[in-house]
Structure formats: C-alpha cells, structure tokens
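If you read the sequences in order, they're chains A and B.
For the first sequence, counting from 1, position 157 maps to 157 in UniProt numbering; every step adds exactly one.
For the second sequence, counting from 1, position 56 maps to 56 in UniProt numbering; every step adds exactly one.
There are 2 protein chains.
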Amino acid sequence: MATPERLIEATRELLWERGYAGTSPKAILQRSGVGVGSMYHHFDGKAGLARAATERSAQELMDAAEAHFSGPGPATRRIASYLLRERDVLRGCPVGRLAMDYDVVENPRLRAPLDELFGWLRTRLADLVAEGRSAGEIDARLDPQAVGATLAAVVQGAYVTARSAESTEPFEAAVRGALQLIGYEEEC
Amino acid sequence: MATPERLIEATRELLWERGYAGTSPKAILQRSGVGVGSMYHHFDGKAGLARAATERSAQELMDAAEAHFSGPGPATRRIASYLLRERDVLRGCPVGRLAMDYDVVENPRLRAPLDELFGWLRTRLADLVAEGRSAGEIDARLDPQAVGATLAAVVQGAYVTARSAESTEPFEAAVRGALQLIGYEEEC
DNA sequence: GTCTATAAGTAGATAGAC
DNA sequence: GTCTATCTACTTATAGAC
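So this is what it looks like as structure tokens:
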C-alpha cells in the first residue's frame with residue numbers, strides 16, 4: 001500500500017477507537033509503519049490527516065447507507081434494512097463519535113464531513129418517510145423531516161447507550177422501538 | 001467552597017467540554033485554583049477525580065429527569081416535558097459524551113455511572129410508555145421497553161447531529177419527530 | 001492539607017541531510 | 001520522499017518540606 005494510504009487507514013482506525021484528542025501522531029506512525037518525515041511531507045499535521053481520514057469514513061458510510069435506501073421493496077422496508085444493517089455496535093460510529101471531540105467541532109474543516117454526513121442522512125431518511133407516507137405505509141400526520149431527524153438520531157444515540165452498558169442490547173432495543181413506531185411489521 | 005468541591009466542579013466542567021482524554025490534571029488545577037499537592041491528597045489522580053465528577057453529573061441528570069417524569073398530567077405529557085426540557089444542546093450531554101471516551105468505557109469504575117444513568121433512564125421511560133399504553137394514549141402494539149430505549153437514544157443522538165451541524169435545529173427536529181411518533185399532540 | 005521540586009515520557013511538530 | 005536529530009511544552013504523577 002502507498003504511504004499516504006497507509007497513513008489514512010491507520011488514522012481512521014485510531015480516530016474510531018480513541019477519538020481525535022486520544023490519537024497522537026506517534027500512534028499513527030507506529031500503526032502505519034511510516035516515519036515522521038514522510039507523514040509531515042504528505043499531510044499537514046494531525047489535523048490534515050484527520051480531515052482526510054474523516055472524509056473517507058463519512059463517504060463510506062453514505063455509500064453503505066445509500067445501498068440500503070435505494071434497495072428493493074417498500075420505503076419502510078428500506079428504512080428497516082438500514083436500521084438493522086450489521087454494525088460493530090460497541091465500537092460506535094466512526095464519524096458520529098467525533099462530534100463529541102472539542103477540537104473537531106471547533107474546527108470548520110474537521111467538522112465539515114460530519115455535517116455533510118448527517119445532513120445528507122436526515123434528508124435521505126426524510127425522503128423515504130415521505131415516500132412511505134404517500135404509499136400509505138406511514139401515518140399521514142407525521143412530518144417526514146422531523147421523523148427523518150429522529151431516525152438518524154436513534155442510531156447515534158443507540159451507540160451511546162450500548163457503549164455505556166457494554167452491551168449491544170440497548171442498541172437493538174432502540175432500533176426495535178423505532179421500527180415499531182414507524183409501523184414496520186417484522187416478517188417471520 | 002471547600003477544596004475537594006472546587007476540584008470536582010472544575011473537573012465536571014472540563015469533562016463536559018473536552019471529554020476525559022482532553023482533560024489534563026493541569027487544566028483542572030488551573031480552573032479550580034487548587035495546587036498539585038492538594039489534588040493528589042484528596043483524590044486518586046485523574047481517574048478518581050473523573051469518577052467523582054461523573055457520579056455527580058449522572059445523579060443530577062437523574063434528579064432533573066425524575067422531576068419531569070413524576071410531574072402532573074398524562075404519561076405522554078410527562079415524556080414530552082422531559083424531551084422538551086431546556087438543554088444546552090450544543091454542549092451535548094455531560095455524561096453521554098463520555099461514552100465515546102476510550103479510557104472511560106474501558107474502565108469499569110468510570111463506566112459505571114454511565115451505565116447506571118442510561119439503564120435507569122430506559123427503565124423509567126419504559127414505565128411511562130407502559131402507563132400511557134394502559135391509559136390508551138399510546139398504541140397498544142408498541143413494546144414499552146423497546147420504545148423506552150428508543151426515546152433515551154433519540155436525545156443522545158440528537159446531540160450528535162446538532163453538534164455536527166453546529167445548530168440546535170437537528171436536535172429540535174429529532175424531538176419533534178419522536179413526539180409525533182408516540183402520538184403526542186402539541187397544545188396551542 | 002498545601003507547597004515546591006523533580007522527573008520520565010509524550011505531544012506535535014521543524015530542520016536539514018540523504 | 002524518507003530519515004535522524006532536535007525542540008518546547010505538556011502529561012501525570014511522586015517526594016518531602018512546611
């Protein structure tokens with residue numbers, strides 16, 4: 001693998017595991033096997049590296065979500081497919097966890113990928129809720145934008161409650177409740 | 001204020017703002033105006049201080065929530081009262097944010113207050129959903145435990161999406177959606 | 001209880017040779 | 001592009017005097 005690539009991948013892993021404040025350049029160098037000189041040659045320090053890593057993680061999450069959103073079946077089923085998708089629950093969300101990092105939220109260039117991901121996600125979920133409403137699957141009194149924001153929040157918050165309990169159970173319960181609330185009937 | 005008290009309050013502020021990894025003993029000393037010797041005399045280092053601070057924050061959140069839960073009115077209204085309560089949205093949750101801190105989740109003594117808070121919260125919300133269901137306010141097909149977990153998650157996740165957008169709007173939308181989903185009709 | 005001194009290791013780079 | 005050397009400040013304490 002090329003040097004910049006190895007640096008980005010090592011940074012993605014560390015940001016996911018430790019967050020921005022908990023990730024040191026030294027740790028990135030050790031995990032990637034790259035030397036100090038190379039790192040500062042290819043990237044503008046820790047912030048530049050984090051920016052590249054976060055952009056890639058956000059893009060991957062959007063691609064993965066879109067695969068569920070544009071899949072087959074009725075709108076509520078595609079929402080369910082996204083909510084029930086396999087996840088490394090106790091690791092949390094590689095992008096969402098950075099929203100609790102002071103240096104990330106305070107730096108517009110680091111916060112941008114987070115804003116883009118969650119803005120897109122809320123919109124996309126709102127579209128599906130609107131579609132489900134038109135199709136009569138979802139209660140017509142519900143506001144698609146609001147419910148889209150709720151569904152995006154449930155996933156992020158479910159990671160918080162699961163990590164606090166060191167168990168996937170709170171995550172699964174939160175998703176189950178969300179699906180019941182939008183009136184999705186589990187098959188089988 | 002007494003010395004241990006000042007240390008705990010300074011630690012609470014810093015943990016809320018910066019998280020565990022982002023909070024140094026030095027910063028705690030500066031904010032509290034206490035000296036190094038005093039700090040290590042009263043507490044067992046950074047972890048001990050964080051433990052005391054987190055326990056207090058969790059207790060405060062439980063007390064504040066219980067005031068809404070045991071207030072007057074129907075169950076759904078008490079849930080709404082809790083969800084709509086005044087919050088420093090862009091600061092996030094002082095306890096929930098620590099669930100993304102590696103050193104917190106990995107240390108049973110630091111994770112305990114988080115587990116207690118969110119375990120209690122899910123149970124308490126589930127109780128209210130069950131009560132609302134019995135009273136006919138809430139759809140009888142809903143599972144109280146699952147919906148309780150969903151409501152607890154919505155709040156935590158709403159902080160994530162709001163901080164990512166540097167705006168309270170995503171938080172408010174998520175809460176609005178949650179209230180619509182449990183069938184709460186806003187008055188006025 | 002509080003203070004000052006001390007200390008090994010890390011954080012986050014920069015400089016300049018190769 | 002990569003390496004080694006170097007640097008200032010911070011991290012997380014401990015020791016022992018007052």
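Virtual Cβ for every residue (Gly too), placed ideally from N, Cα, C.
Query, Result
"Anything in chain B within Cβ reach of A/ARG141, meaning under 8 Å, just list it in chain order.", "GLN180"
"Listed in chain order, which residues of the stretch 116–127 of chain B have Cβ atoms closer than 7 Å to some Cβ of chain A?", "PHE118, GLY119 and ARG122"
"Taking C-beta to C-beta, are A/LEU14 and A/HIS42 nearer than 8 Å?", "no"
"If we ignore side chains and look at the alpha-carbon of each, how far apart do A/ARG91 and A/ARG97 end up?", "9 Å"
"For the ligand GTP, I want to know if B/ALA153 counts as a neighbour, meaning its beta carbon is within less than 7 Å of at least one of the ligand's heavy atoms.", "Of ligands this structure carries none, so the ligand GTP is not represented either."
"Can you find a C-beta in chain B that's less than 8 Å from the C-beta of A/THR54?", "no"
"Going along the UniProt DNA-binding region \"H-T-H motif\" (24–43) of chain B in order, which residues come within less than 7 Å of chain A, judged by CB to CB distance?", "none"
"Classify A/TYR20 as helix, strand or coil using the three-state DSSP reduction.", "coil"
"Which runs of the alpha helix (DSSP H) spanning at least 4 residues fall entirely within the stretch 92–126 of chain A, listed in chain order?", "102–105"
"For A/LEU110 and A/THR54, which I take to be in contact (beta-carbon distance under 8 Å), what is that distance rounded to the nearest angstrom?", "7 Å"
"Going by other Cβ atoms of all chains shown within 10 Å of its Cβ, with 16 needed for buried, is B/PRO72 buried or exposed?", "exposed"
"Write down the C-beta distance between B/ALA146 and A/GLN180 rounded to the nearest angstrom, noting that I regard them as a contact closer than 8 Å.", "6 Å"
"Measure from the C-beta of B/ALA58 to each C-beta in chain A and report whether the shortest distance is under 8 Å.", "no"
"Buried or exposed: where does A/PRO108 fall if 16 or more other Cβ atoms within 10 Å of its Cβ makes it buried?", "exposed"
"Please confirm whether B/THR150 has its beta-carbon closer than 8 Å to some beta-carbon of chain A.", "yes"
"Along chain A, which residues have their Cβ under 9 Å away from the Cβ of B/THR168?", "Near B/THR168 there are no residues of chain A at all, since even the closest Cβ is about 12 Å away, more than 9 Å."
"How about A/VAL95 and A/LEU117: do their beta carbons lie closer than 8 Å?", "yes"
"Taking 8 Å as the CB-CB limit, is A/ALA174 close to chain B?", "yes"
"For A/ARG51, which option in A/GLY37, A/VAL175 and A/ASP103 has the closest C-alpha, if you only look at C-alpha atoms?", "A/ASP103"
"Looking at the secondary structure, which residues open and close the alpha helix (DSSP H) in which B/PHE69 lies?", "45–69"
"In terms of alpha-carbon separation, which member of B/SER24, B/ALA47 and B/PHE69 lies closest to B/ARG122?", "B/PHE69"
"Below 9 Å on C-beta distance, what does A/THR76 contact in chain B?", "Chain B residues near A/THR76: none, gap ~13 Å exceeds 9 Å."
"Please classify B/SER32 as buried or exposed, where buried requires at least 16 other C-beta atoms within 10 Å of its C-beta.", "buried"
"I'd like to know whether the C-beta atoms of A/ALA149 and B/PRO170 end up nearer to each other than 8 Å.", "yes"
"Could you give the distance in angstroms between the alpha-carbon of A/GLY22 and the alpha-carbon of A/ARG133?", "44 Å"
"Are A/GLY35 and A/LEU29 closer than 8 Å when you measure CB to CB?", "yes"
"Does DSSP put B/SER167 in a helix, a strand or coil?", "coil"
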